[in-house]
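So the structure is just underneath, and the comments pick up after that.
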Amino acid sequence: MSALPQTFTPESFEAWLNSAFIGNPSEARAYCEATMSPKYHRLQAQGGVTDFEQAVEKVTCFRTHCKKWVAPVEMLVQEGKKVAVRLTCNFQIGDTEEQRMELMFMAGRDEQGRFEKVWELVMPIEGGK
1378 MSALPQTFTP ESFEAWLNSA FIGNPSEARA YCEATMSPKY HRLQAQGGVT DFEQAVEKVT
1438 CFRTHCKKWV APVEMLVQEG KKVAVRLTCN FQIGDTEEQR MELMFMAGRD EQGRFEKVWE
1498 LVMPIEGGK
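Under the working numbering, the first residue of the sequence shown is numbered 1378, with each subsequent residue one higher.
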């Protein structure tokens, strides 16, 4: 994936996120280097923290084991280098049962437009599929 657009549309954000789950696992580092700052720091509301190297590992894992990923963007707001997105996705990783979740994503971007400071809230949606 090449550099991120200056201004996201729902479609361009969806393409970026889809590429974290769908793609060649051997190209995960290149994807992360193109779209995430080396200072990447992701906080998950439930307590998880991810740095750049962990992001590379996660993208590699997702690209290796993801069997289904459908995540249309429902809301996107951008002001300068700050982005907020809400989406609902259906996904299946490995042999697990298909799941449905809501994702709230907020991020700040570095001078090159790559994601640097990220906060996420992920909530399962009752009823699954």
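Note that the Cβ used here is the ideal one computed from N, Cα and C, for glycine as well. Since this is a predicted model, take the numbers as computed values, not measurements.
For Ser-1396, the enclosing alpha helix (DSSP H) has its first and last residue at 1387-1398. In this structure, the straight-line span from the alpha carbon of Gln-1431 to that of Ala-1448 is close to 22 Å. Per DSSP, the continuous alpha helix (DSSP H) segment holding Ala-1405 begins and ends at 1405-1412. Considered as a whole, the stretch 1441-1499 harbours 1443-1447, 1450-1456, 1459-1470 and 1476-1486 as its complete beta strand (DSSP E) runs of no fewer than 3 residues, in chain order.
As DSSP reads the structure, Gln-1421 sits in a beta bridge with Glu-1497.
Taking the C-beta atoms as reference points, Glu-1503 is found no nearer than 8 Å to Met-1481. One Cα belongs to Met-1478, the other to Val-1462, and the distance between them is close to 14 Å. Taking 8 Å as the upper bound for CB-CB distance, Leu-1381 and Arg-1491 are in contact here, some 7 Å apart. Distance from the CA of Gln-1476 to the CA of Phe-1468, rounded to the nearest whole angstrom, comes to 5 Å. Boundaries of the beta strand (DSSP E) around Thr-1427: 1426-1428.
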